[in-house]
Amino acid sequence: MTDMAISGYLGWLFLLLIIYPFALVVINIACYEVARKKVTFWFNITCFLLAAFLLVMHMNIEIIYGKDLLDAWYSANPSE
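Okay, structure coming up:
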């Protein structure tokens, strides 16, 4: 059997989705009221752009399911 079709980009996207809420809480605890809105805004924009980039890069990866089976078929039947 072949390995699962997963990319490094998808792994980083999952990691971002898991860490994001905890980082947001830490930012809201660490920042004072004056800078909290500005820091939270830029953190959200950065995370959104990073998530969009990772999703687009993952979607650009070509994955052929059953490639081993297709290669075995074509090597056994070269005329088809």
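Numbers 4 to 83, taken from our numbering, label the letters of the sequence shown in order.
For every residue, glycine included, the Cβ atom is placed at its ideal position computed from N, Cα and C.
Predicted model, so just to flag it, every value in this text is computed and none were measured.
Item                                                                                                             : Value
Inter-stretch contact (C-beta, 8 Å, three-pair minimum) for the stretch 9–19 and the stretch 50–61               : yes
Spatial neighbours of Arg39 in its chain, beta-carbon cut-off 7 Å, leaving aside the 5 residues before and after : Asn31
Coil, strand or helix - Pro81 by DSSP                                                                            : coil
Alpha helix (DSSP H) segment containing Cys50, residue limits                                                    : Glu36 to Met62
From Thr49, Val37 and Asn63, residue whose alpha carbon lies closest to that of Tyr12                            : Asn63
C-alpha distance - Gly69 paired with Ala75, whole-angstrom precision                                             : 10 Å
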